[in-house]
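Trainee: I have a structure here, written as structure tokens, and I will follow up with some questions on it.
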Amino acid sequence: MVGRGSFTTEAGRLARALLLASALLLGAPGAAAFAQDDEELRLVKVTAQNAASIQQLESRFDVGYIGEPTEAAVYLTPSDEALLRAEGYQVGAVVEDNSTWEARKAEIAAADQAEALAQKLAEEGKAGKGAKNAVDVPGETVIMRAYTFTNYAGRFLYVEAHNKAQTTTTGPTLQMSYAGADGVYRPAVGFSQSGITPDGNDSTTQGNKLNDAGQYMYHRVLVALRGADANLAAGDITVRVAASTGSTDTAKVTEWAAKALPARVAAFQKDFITKYMNPSEAYERLDGLAAEFPGIAEIVHLPEKTNGYQRQAMAMMAGTTALGSNPNATNAPLAVQLFSKAMGHLGGNLISAEFKNPGANDAPLSVAVTGNDIVVNLATGPTGALTSTAAQVVAAITASPAASALVNAYTYGGNAGAGIVPAHAKAQLSDFLNGPAAIKGPFDQRVLRIGKQRDGTKTGVFIYCNQHAREWVTTITCVETAERLLRNYATDPTTKEYVDNLDIFILPSVNPDGGHYSFFDAAAQRRNLKNHCPITATTGGIGNRGSWGVDLNRNNNIGTLFDGYSGASSSCTSDTFAGPSETSEPEIRNEHWVVDTFPKIKFAINIHTHGGYFMWAPGAYISAGRVTLPSPNIGIEKYFFDVADEILSHIRSSRGTAILPQRTGPIADVLYSAAGNSADDQYYRKGIIAYSFEAGAQKLAVNATTGAISRTDVGFQPCFAGLGTGGGTGTCNTVQINEGHDSAMEFADGNYGLLQGALEYSKDVTPPSTTIEYSAAQTGSEPINFRFNWVKEPSVIYYTKDGSTPTVIDCDNPGTSSTRCYSNQGPRRPGEVLTISALGVHDVKWMSVDIKGNQEAVKTQRFLIAADQENGTANGTVPATLALSLGTPPAFGAFTPGIAKDYTAATTANVITTAGDATLSVADPSTTNTGKLVNGTFTLAQPIQAAASSLGGTGSALKPVGGSASPTSLLTYTGPKSNDAVTLSFKQTIGANEALRTGSYSKALTFTLSTTTP
Ligand SMILES: [Zn+2]
1088 MVGRGSFTTE AGRLARALLL ASALLLGAPG AAAFAQDDEE LRLVKVTAQN
1138 AASIQQLESR FDVGYIGEPT EAAVYLTPSD EALLRAEGYQ VGAVVEDNST
1188 WEARKAEIAA ADQAEALAQK LAEEGKAGKG AKNAVDVPGE TVIMRAYTFT
1238 NYAGRFLYVE AHNKAQTTTT GPTLQMSYAG ADGVYRPAVG FSQSGITPDG
1288 NDSTTQGNKL NDAGQYMYHR VLVALRGADA NLAAGDITVR VAASTGSTDT
1338 AKVTEWAAKA LPARVAAFQK DFITKYMNPS EAYERLDGLA AEFPGIAEIV
1388 HLPEKTNGYQ RQAMAMMAGT TALGSNPNAT NAPLAVQLFS KAMGHLGGNL
1438 ISAEFKNPGA NDAPLSVAVT GNDIVVNLAT GPTGALTSTA AQVVAAITAS
1488 PAASALVNAY TYGGNAGAGI VPAHAKAQLS DFLNGPAAIK GPFDQRVLRI
1538 GKQRDGTKTG VFIYCNQHAR EWVTTITCVE TAERLLRNYA TDPTTKEYVD
1588 NLDIFILPSV NPDGGHYSFF DAAAQRRNLK NHCPITATTG GIGNRGSWGV
1638 DLNRNNNIGT LFDGYSGASS SCTSDTFAGP SETSEPEIRN EHWVVDTFPK
1688 IKFAINIHTH GGYFMWAPGA YISAGRVTLP SPNIGIEKYF FDVADEILSH
1738 IRSSRGTAIL PQRTGPIADV LYSAAGNSAD DQYYRKGIIA YSFEAGAQKL
1788 AVNATTGAIS RTDVGFQPCF AGLGTGGGTG TCNTVQINEG HDSAMEFADG
1838 NYGLLQGALE YSKDVTPPST TIEYSAAQTG SEPINFRFNW VKEPSVIYYT
1888 KDGSTPTVID CDNPGTSSTR CYSNQGPRRP GEVLTISALG VHDVKWMSVD
1938 IKGNQEAVKT QRFLIAADQE NGTANGTVPA TLALSLGTPP AFGAFTPGIA
1988 KDYTAATTAN VITTAGDATL SVADPSTTNT GKLVNGTFTL AQPIQAAASS
2038 LGGTGSALKP VGGSASPTSL LTYTGPKSND AVTLSFKQTI GANEALRTGS
2088 YSKALTFTLS TTTP
């Protein structure tokens, strides 16, 4: 039945092929039989009537353990079991047998073997595997990133790889090896599978497998390049990662954070900071700069004042409980909390309260107020014992016009207040704030706006610091940046370019209230000072005042706690408290006002400490399924990395700190999910290239003998200067000496890198350029793989595969147009490899748009999957003027009954025509069930459909095959063609309820190549 044929007739030149289809019945495989070793020793559960019978077993058999008195696990052979059963024992379940032991041993051996195989593959590569083709379909193991970098501690190689076979707990062993210019692969290094914490705890390799929110992310490894290898240039190195499953990937290495920096005059001025500055000092310094440089700087006041570094004065009146503490369980029912109506510094701190025992029998409860002194005369009974409950005292104070003008009174934590209030000596209410009165009260936030032309026409950059109160290095980083820009303007051409061409907004402290609190009261304060805890809950109790406040970097309105995103808390005393609602805090509304009021702001940086992270969107995910906010398209991600390279190269120039590649990337991928953070707000709401810094990079050291990398955290308030000067913690280890100062200097350099990126953006008027890379332009029937490459700058690539012109679409919502955005293989992974497998001609069209909006002209690449070169001249027994030969008859494969489906098949043909025009058509010559496949007397319900396409002819869509009287036209030629490779496509629709008879359905069809102008 399967054959190939061609023949001619006088009427035309005909070729004929047979179409085949068949249906197969699947059988169920038989169950395998298992052999048993008769005298195998197994650990078996044995029970007996009494404990004595169980104990007696110990003298006869190897008893593994005794559980209940009448139960034991005993090693027995099957004959032993029979014997015991005969003696009246009950022999139950097998706990372990030989196969269990064998399985354990096999497990160990498999692990050893996997390690060895992965190691061998990493070092030697795969036998017979040639050079990697860039357009190979990605395999199981993909190297995501590979970098070398040099810092003050030495030279390093960092590799990130993804392996598709991983789960969070299982997966093949991965090993990494690298070769230098000599091509010799070094001893392989294992990616740790156990150190599943970011950056890993494996002291040998610092490698690890990163899991997050119950999902495998990727593997990463950081090794110190020592000895001669420390001199290897990135371009000399090839990295190979191998999995124990046999999959490998190789990649070239790029140098990290080593971009050439713009020129800087020798007399460049820096180092303007002499100490940590509290928010007021920082703001005042910027006020002074604006006054000093009125031509290029001004102060812009933000619309809302903060809640203020201030509190009501308060006192916990609860027996022996300290005035600022919460009562214990015994004192809770008798506690009365007093809060001044006026803020402490506005009179509240002058108020006193005394609960007095009148020293008389049957005295009534009364409240007397003299000036700021409140005296509560407690009630007594017939014996002179005090009888006023907390609830009664609260009511009496509230009812007294004079007292309630001064204070509000509450029981503790919504307590019913049934406890008898003891006498309390005169107590002074206090706001418990140590800072000077001058800084108390709502704070007037302002930005220093720097630019020669501050009219909203220049590209804007927003640099903001100290969102988190305790991160002291950030505030001075902002101040140092402002000083450098203004003081070098006249002498440093690069600085002048920034100031002349950009509109720079510097906000030195997003959180001045918390910042002041951190300086004067509690170093570890992170949030602002706003109390959102209800007085009716214990969280609102006076003793919790140090735990009040909103985490400003969780208070935005994109990807928030309120939207279901992870990494923020609804608890009003949590350090990541998101606030009672989105943008509930004036500090965040002010921050939004800046980016909303100055729409040219295209770059922003939110500076935090510590850890040395450099991050961007997405910064949050929904935990279930780890659904992140939409990841930027690979072209945008590349842009984030590109500007990051500028920034990180600037940082490294300061004192050799290389922000680690594994700490650079989307917040959610390299650190954690932070619901409602500011960078996400700016990126998703405003399209701003918004970064988040964690300044204060860990200090790295390399053990010269073992290569082990050790890290030391620098903390939130490292020593600003030399030993003994003290940071916020008052101590200074050797690693921290000058760290506060040096860290601020290097991140001020980083801000210059951001300005450089913004300047390049503002000047960019050149369209981006991209290329296509493919496995082949033309194949027989093999699929064609292709990918796109960026030539000089990142851009979003829009493409079509159907020959239509690509348009700019929303990559996250591509809609029904045939345009698609070129994407990555997954987060942090390389660009996807696209495949075309349908036979025929395919025009891939693409263009790209850079971050500035410059657009590349549409490009086209034509692919052909069709030409069966071997058959090109076969069967060519027809006159050379009009020749048709057919490829292998197409087969649809198995039809599955009961399922509605379209089955497709294809074959090739070759056409030679010297005629002025020609038409290729198909017909079913049969007069019974014309156009339909048949199986004996059974026939399919739907007719078969056919179409043809080629480079030389004009094809058509799928159409039902007609009879000899009305053949179906498939392809037309308007001139002669030689060896035009034709793809013939077929479709057969089967209905869900369509009855199918076992056997083959087929039909012989006639293909005709004819002409009207021979
Ligand atoms: Zn922070």
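Heads up, the sequence shown is in this note's numbering, so the first residue is 1088 and it goes up one at a time.
Ideal Cβ placement from N, Cα and C applies to all residues, glycine included.
Quick caveat, the model's predicted, so the values are computed rather than measured.
(1) Whole angstroms is fine: what's the gap from Lys2046's alpha carbon to Ala1993's?
(2) For Asn1448, which of Gly1468, Thr1903, Leu1758 has the nearest alpha-carbon?
(3) Would you kindly report the start and end of the unbroken beta strand (DSSP E) that includes His1555?
(4) Could you please give the first and the last residue of the uninterrupted beta strand (DSSP E) stretch that includes Arg1874?
(5) I think Thr1257 touches Ala1330, with their Cβ atoms under 8 Å apart; what is that distance to the nearest whole Å?
(6) Taking the alpha-carbon of Leu1425 as reference, which of Asp1587, Ala1405, Asn1415 has the nearest alpha-carbon?
(7) Within 10 angstroms of its Cβ, does Ile1438 collect 16 or more other Cβ (buried), or is it exposed?
(8) Assign Leu2096 to buried or exposed, taking buried as 16 or more other Cβ atoms, counted over all protein chains shown, within 10 Å of its Cβ.
(9) Rounded to the nearest angstrom, what separates Thr1498 and Val1423 at their Cα positions?
(10) So, is Pro1414 buried or exposed, given that buried needs 16 or more other C-beta atoms within 10 angstroms?
(11) Our contact map puts Gln1612 next to Arg1557 with C-beta atoms below 8 Å; I'd like the distance itself, whole angstroms only.
(12) Is Arg1613 near ligand 1 - that is, is its Cβ less than 8 Å away from at least one heavy atom of it?
(13) Rounded to whole angstroms, what is the Cα-Cα separation between Thr1812 and Glu1847?
(14) Which complete beta strand (DSSP E) runs does the stretch 1775 to 1852 hold, if anything under 3 residues is left out?
(15) Could you check if Glu1558 belongs to the surroundings of ligand 1, using beta carbon to heavy atom distance under 8 Å?
(16) Can you give me the C-alpha to C-alpha distance between Asn1436 and Thr1457, rounded to a whole angstrom?
(17) Sorted by chain position, which residues of the same chain lie with C-beta nearer than 7 Å to Ala1755's C-beta, five sequence neighbours on each side aside?
(18) Tell whether a beta-carbon distance below 9 Å holds between Ile1776 and Ala1691.
(19) Where does Tyr1363 fall in DSSP's three states?
(20) Figure out for me which residue from Val1462, Pro1667, Gly1431, Gly1434 has the closest Cα to the Cα of Pro1445.
(21) For the alpha helix (DSSP H) holding Ala1993, just list the boundary residues, first then last.
(22) Classify Pro1753: buried if its beta carbon has 16 or more other beta carbons within 10 angstroms, exposed otherwise.
(23) Which complete beta strand (DSSP E) runs does the stretch 2026 to 2059 hold, if anything under 3 residues is left out?
(24) By DSSP's criteria, Ile1230 is part of a beta bridge. Which residues make up the other side?
(25) Considering only residues of the same chain and omitting the five flanking positions on each side of Asp1587, which have a CB-CB separation below 6 Å?
(26) State the DSSP-derived secondary structure class of Glu1391, mapped to helix, strand or coil.
(27) On a CA-only basis, which of Tyr1886, Ala1970, Val1181 is nearest Asp1930? Give me that one, please.
(28) In three-state DSSP terms, what is Arg1372?
(29) Given that a residue counts as buried once 16 or more other Cβ atoms are within 10 Å of its Cβ, and exposed if not, what is Thr2014?
(30) With H, G and I counted as helix, E and B as strand and the rest as coil, what does DSSP make of Gln1143?
(31) On the premise that Ile1593 lies in contact with Leu1373, defined as a C-beta separation below 8 Å, what is that separation, rounded to the nearest angstrom?
(32) Going by beta-carbon coordinates alone, are Pro1854 and Tyr1726 separated by less than 9 Å?
(33) How far does the alpha helix (DSSP H) with Leu2007 in it extend, from its first residue to its last?
(34) Tell whether a beta-carbon distance below 9 Å holds between Phe1355 and Asn1693.
(35) Please list, in chain order, all residues of the same chain as Ala1402 whose beta carbon is under 7 Å from its beta carbon, the five residues on each side excluded.
Mentor: So, from the listed chains and residues:
(1) As a first step, residue 2046 is located in the sequence shown; it is residue number 959 there, counting from the start. As a first step, residue 1993 is located in the sequence shown; it is residue number 906 there, counting from the start. Going by the C-alpha atoms only, they are around 14 Å apart.
(2) Numbered from 1 along the sequence shown, position 361 holds the residue referred to as residue 1448. When each option's Cα is compared against that of Asn1448, the closest is Gly1468.
(3) One-based indexing of the sequence shown puts residue 1555 at position 468. Taken as a continuous stretch (DSSP letters only), His1555 belongs to no beta strand (DSSP E), as it is neither H nor E.
(4) Start at 1 with the first residue of the sequence shown, and residue 1874 comes out as number 787. Where Arg1874 is concerned, the enclosing beta strand (DSSP E) stretches over 1871 to 1877.
(5) Within the sequence shown, the letter at position 170 stands for residue 1257. Within the sequence shown, the letter at position 243 stands for residue 1330. Between Ala1330 and Thr1257 the Cβ distance is about 12 Å, and since that is not below 8 Å, they are no contact.
(6) Counting from 1 along the sequence shown, the entry for residue 1425 is found at position 338. Among Asp1587, Ala1405, Asn1415, the Cα nearest to that of Leu1425 is on Ala1405.
(7) Here residue 1438 refers to the residue found at position 351 of the sequence shown. With 16 or more other Cβ atoms from the protein chains shown falling within 10 Å of its own Cβ, Ile1438 counts as buried.
(8) The residue given as residue 2096 occupies position 1009 in the sequence shown. That one is buried.
(9) As a working mapping, residue 1498 is identified with position 411 in the sequence shown. As a working mapping, residue 1423 is identified with position 336 in the sequence shown. A direct Cα-to-Cα measurement between Thr1498 and Val1423 gives close to 5 Å.
(10) Translated into the one-based positions of the sequence shown, residue 1414 becomes position 327. With 16 or more Cβ atoms within 10 Å of its Cβ, Pro1414 is classed as buried.
(11) By one-based count along the sequence shown, residue 1612 stands at place 525. By one-based count along the sequence shown, residue 1557 stands at place 470. With a Cβ gap of about 6 Å, Gln1612 and Arg1557 count as contacting.
(12) Translated into the one-based positions of the sequence shown, residue 1613 becomes position 526. Yes, Cβ of Arg1613 sits closer than 8 Å to a heavy atom of ligand 1.
(13) The residue given as residue 1812 occupies position 725 in the sequence shown. The residue given as residue 1847 occupies position 760 in the sequence shown. With a pLDDT of only 49 at Thr1812, under 50, the local geometry of the prediction cannot be trusted, and the value read off the model is given with reservation. Taken atom to atom, the span from the alpha-carbon of Thr1812 to that of Glu1847 is near 41 Å.
(14) Qualifying beta strand (DSSP E) stretches, in chain order: 1776 to 1784, 1786 to 1789, 1796 to 1799.
(15) To locate residue 1558, count along the sequence shown from 1; it is residue 471. Yes; taking the cut-off as 8 Å, the Cβ of Glu1558 has a heavy atom of ligand 1 nearer than that.
(16) In the sequence shown, counting from the first residue as 1, residue 1436 sits at position 349. In the sequence shown, counting from the first residue as 1, residue 1457 sits at position 370. So the alpha carbons of these two residues sit roughly 15 Å apart.
(17) As a position in the sequence shown, residue 1755 is number 668, starting the count at 1. Pro1705, Gly1706, Ala1707, Tyr1708, Thr1715.
(18) Taking the first residue of the sequence shown as position 1, residue 1776 is located at position 689. Taking the first residue of the sequence shown as position 1, residue 1691 is located at position 604. In this structure, Ala1691 lies closer than 9 Å to Ile1776 by Cβ.
(19) Residue 1363 sits at position 276 when you count from the first residue of the sequence shown. Three-state DSSP puts Tyr1363 in coil, outside helix and strand.
(20) Working through the sequence shown from its first residue, we reach residue 1445 at position 358. By alpha-carbon distance to Pro1445, the top candidate from Val1462, Pro1667, Gly1431, Gly1434 is Val1462.
(21) Walking along the sequence shown from the start, residue 1993 turns up at place 906. DSSP places Ala1993 in no alpha helix (DSSP H) but in the uninterrupted beta strand (DSSP E) bounded by 1988 to 2000.
(22) If you number the sequence shown from 1, residue 1753 lands on position 666. So Pro1753 ends up on the buried side.
(23) Along the length of the stretch 2026 to 2059, whole beta strand (DSSP E) runs at least 3 residues long occupy 2032 to 2037, reported in chain order.
(24) To locate residue 1230, count along the sequence shown from 1; it is residue 143. Ile1230 pairs with Ala1248.
(25) Against the sequence shown, residue 1587 aligns to sequence position 500. Closer than 6 Å at Cβ, skipping near neighbours: Lys1539.
(26) Within the sequence shown, the letter at position 304 stands for residue 1391. It is a strand residue.
(27) Looking up residue 1930 in the sequence shown gives position 843. Cα-wise, what sits closest to Asp1930 is Tyr1886.
(28) As a working mapping, residue 1372 is identified with position 285 in the sequence shown. Arg1372 falls in the helix class under three-state DSSP.
(29) As a working mapping, residue 2014 is identified with position 927 in the sequence shown. When all chains shown are included, Thr2014 counts as exposed.
(30) The residue labelled residue 1143 in the question sits at position 56 within the sequence shown. Gln1143 carries a helical assignment under DSSP once its states are collapsed to helix, strand and coil.
(31) As a first step, residue 1373 must be located in the sequence shown, where it is residue number 286. As a first step, residue 1593 must be located in the sequence shown, where it is residue number 506. Between Leu1373 and Ile1593 the beta-carbon gap is near 7 Å, inside 8 Å, which marks them as a contact.
(32) Translated into the one-based positions of the sequence shown, residue 1854 becomes position 767. Translated into the one-based positions of the sequence shown, residue 1726 becomes position 639. No, these two residues do not count as a Cβ contact at 9 Å.
(33) Against the sequence shown, residue 2007 aligns to sequence position 920. Note, Leu2007: premise wrong, no alpha helix (DSSP H); beta strand (DSSP E) at 2005 to 2011.
(34) One-based indexing of the sequence shown puts residue 1355 at position 268. One-based indexing of the sequence shown puts residue 1693 at position 606. Cβ distance not < 9 Å, so Phe1355 and Asn1693 don't count as in contact.
(35) Within the sequence shown, the letter at position 315 stands for residue 1402. Cβ within range, chain order: Leu1410, Leu1425, Ala1440, Ala1514, Leu1516.
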